[in-house]
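Numbering-wise, my numbering puts 307 at position 306 of the sequence shown, and it's gapless, one number per residue.
The beta-carbon is built from N, C-alpha and C at its ideal position, and this holds for glycine as well.
In what follows, a single structure is set out as structure tokens and then discussed.
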Amino acid sequence: MIKNKTTIYIFLIFLSFNVKAQNKIFNVIDSITNLPISKASVLSKISKDGSITNNDGNVKINTSHINDTLVISCVGYETKKIDLINFGKADLDTIKMVPSILLLNEVKINWIDLKKKFADLLKNYGKFYFTSPILYNCTYKENVKINDSLARLIQVQLKWYDKSYGLDFSQQFDVQNKISLINIDYSKILNLNNAVYKAQSYIENPDLFKLLHLNFYPLFINEANQINIKSIDNYQYFNRVTFSSPIIEHDSTVMFIKDGVIDFDNITGAIIGLDFNNVYNRQIKILKSVKEPQIDYTSEVKSQHIKLTFKKYNKEKWVISSFKSDIVVELKIPTKSYNSTDKISQEFLITNIEENVKIPKKEQIDLKKPFYLNFPTNKNLDTKILLTKEEEDFIKKKN
2 MIKNKTTIYI FLIFLSFNVK AQNKIFNVID SITNLPISKA SVLSKISKDG
52 SITNNDGNVK INTSHINDTL VISCVGYETK KIDLINFGKA DLDTIKMVPS
102 ILLLNEVKIN WIDLKKKFAD LLKNYGKFYF TSPILYNCTY KENVKINDSL
152 ARLIQVQLKW YDKSYGLDFS QQFDVQNKIS LINIDYSKIL NLNNAVYKAQ
202 SYIENPDLFK LLHLNFYPLF INEANQINIK SIDNYQYFNR VTFSSPIIEH
252 DSTVMFIKDG VIDFDNITGA IIGLDFNNVY NRQIKILKSV KEPQIDYTSE
302 VKSQHIKLTF KKYNKEKWVI SSFKSDIVVE LKIPTKSYNS TDKISQEFLI
352 TNIEENVKIP KKEQIDLKKP FYLNFPTNKN LDTKILLTKE EEDFIKKKN
């Protein structure tokens, strides 16, 4: 069985740098559907400034270096390069991204042994992925909705030291991982005036850091009772496998991976993208609390969407590029006649990588307490990653 399984897994990702003068807003859309593309990475080659698109496909970038070149990338699309000197004078420019080419003339593979693929991956893990100590500069974003209303919104710049990008199951997670806070873009928690709110709204950090490491995911595949391959599509640079699978415990389906997607590099066979839609079927009794006395309640995890992507580092091995988790949980507290549906989103986006650098102990945040409690309130609207209207209204709203 999967060891250390928990009901709630969670975490993602965003990219941001300090805002400078001469910023331009532009919109990134799909060239075929004209729909906005969210979470597209936008980096300048010279200044190393960067950001990502919000849910409306909008992004704000410093354009003061007219000789610079923007590199726009997103999983499932061809990477695009644009010289800033060619930017128009309009306040909002539209950039169309071309979907990755599906090679219809290639010989189709109708079946693949995913368990064997993951076994081979673990066998050659150090060959495919950078596993030496590494320091990631990253943007972390978290939002919590209770009954479809925003209750917490956080975006911060972090340094994440990882002793090895290979989860060590024999070590405590906070021995392998260290985090320091660089800057708070914004941080707001709505005062709901009820004692259960903080108890229901966070995910344990050990589970978060498990999901950030690729070698945790073979546990999902190994526990799968029957893997149904739905399609294998050959793209120009990767092969995409779409599958579904139940996970059964004691003759009962506790989880179902629905339309899971794994992208394999078509040269090395390394996993470069993973997208799982997990539907849960279990009810767990949890005792959790922050500041308040422990409250006895049940939580039923309805679903979780996990997305993990990778990029080449120094043209050799792969490193994590982004991570996102969206989870839906139904909570019940019989003693208080309280019911709610919580939607929790956590994201990480890697913006820069450094080797041979550690985080001094005095700068490390406390990973023993809920992640969000390390970030004081800061209601800032002038952020590099544009807020959606819903987020902006939430920041402005008085408690």
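Check, Outcome
"Relative to the alpha-carbon of residue 143, which residue among 252, 35, 343, 365 has its alpha-carbon at the smallest distance?", "343"
"State the Cα-Cα distance for the pair residue 233 and residue 374, rounded to the nearest angstrom.", "43 Å"
"What is the DSSP secondary structure of residue 131, reduced to helix, strand or coil?", "coil"
"How would you label residue 86, buried or exposed, when you count the other beta carbons within 10 angstroms and need 16 or more for buried?", "exposed"
"On a CA-only basis, which of 266, 25, 146 is nearest residue 318? Give me that one, please.", "266"
"Among 102, 64, 70, whose alpha-carbon lies nearest the alpha-carbon of residue 79?", "102"
"Just to confirm my understanding: we take residue 286, look at its own chain, exclude 5 residues before and 5 after, and list those with CB closer than 6 Å. What are they?", "Reliability fails at residue 286, whose pLDDT of 45 lies under 50, so the model's placement of it is uncertain and the value that follows must be treated cautiously. Counting only Cβ-Cβ distances below 6 Å, and skipping sequence neighbours, we find 299."
"Within a Cβ cutoff of 8 Å, which residues of the same chain sit near residue 227, ignoring the five residues on either side of it in sequence?", "246, 247"
"If you reduce the DSSP assignment to three classes, tell me which class residue 398 lands in.", "coil"
"Considering only their Cβ atoms, is the gap separating residue 278 from residue 260 smaller than 8 Å?", "yes"
"Between the region 114 to 126 and the region 360 to 378, can you find at least three pairs of beta-carbon atoms closer than 8 Å?", "no"
"Out of 119, 231, 203, which one is the CA nearest neighbour of residue 153?", "203"
"Would you kindly report the start and end of the unbroken alpha helix (DSSP H) that includes residue 175?", "174 to 177"
"Nearest CA to the CA of residue 45: which residue from 29, 59, 67, 34?", "67"
"Cα separation between residue 53 and residue 254?", "38 Å"
"According to the Cβ coordinates, are residue 134 and residue 164 closer than 8 Å?", "yes"
"Tell me whether residue 288 is buried or exposed, calling it buried when 16 or more other Cβ atoms sit within 10 Å of its Cβ.", "At residue 288 the pLDDT is 38, less than 50, meaning the model places this residue with poor confidence; the figure from the coordinates comes in the next sentence. The residue in question, residue 288, is exposed, as its Cβ has fewer than 16 Cβ neighbours within 10 Å."
"Report the residue ranges of all alpha helix (DSSP H) runs contained in full by the region 319 to 367; include only those spanning at least 4 residues, in chain order.", "none"
"Ends of the beta strand (DSSP E) at residue 152?", "150 to 163"
"List in chain order: all unbroken alpha helix (DSSP H) runs of 4+ residues lying wholly within the region 195 to 250.", "198 to 201, 206 to 212, 219 to 224"
"Does DSSP put residue 393 in a helix, in a strand, or in coil?", "helix"
"Return the CA-CA distance between residue 275 and residue 139, expressed in angstroms with no decimal places.", "19 Å"
"Is the beta carbon of residue 213 sitting closer than 8 Å to the one on residue 311?", "no"
"Need the endpoints of the alpha helix (DSSP H) that residue 265 sits in, please.", "Element bounds for residue 265: not the alpha helix (DSSP H) but the beta strand (DSSP E), 253 to 266."
"Any idea which residues DSSP pairs residue 308 with across the strands?", "276, 325"
"By how many angstroms is the C-alpha of residue 352 removed from the C-alpha of residue 173?", "26 Å"
"Just to confirm before moving on: does the CB-CB distance between residue 180 and residue 347 stay below 8 Å?", "no"
"In angstroms with no decimal places, state the Cα-to-Cα distance between residue 190 and residue 309.", "27 Å"
"Could you tell me the alpha carbon to alpha carbon distance between residue 136 and residue 354, rounded to whole angstroms?", "6 Å"
"Looking only at DSSP bridge pairs, what is residue 182 linked to?", "159"
"Shortest alpha-carbon distance to residue 31 belongs to which of 24, 39, 217?", "39"
"Distance, Cα to Cα, residue 237 vs residue 41?", "19 Å"
"In whole angstroms, what is the alpha-carbon distance linking residue 61 and residue 119?", "39 Å"
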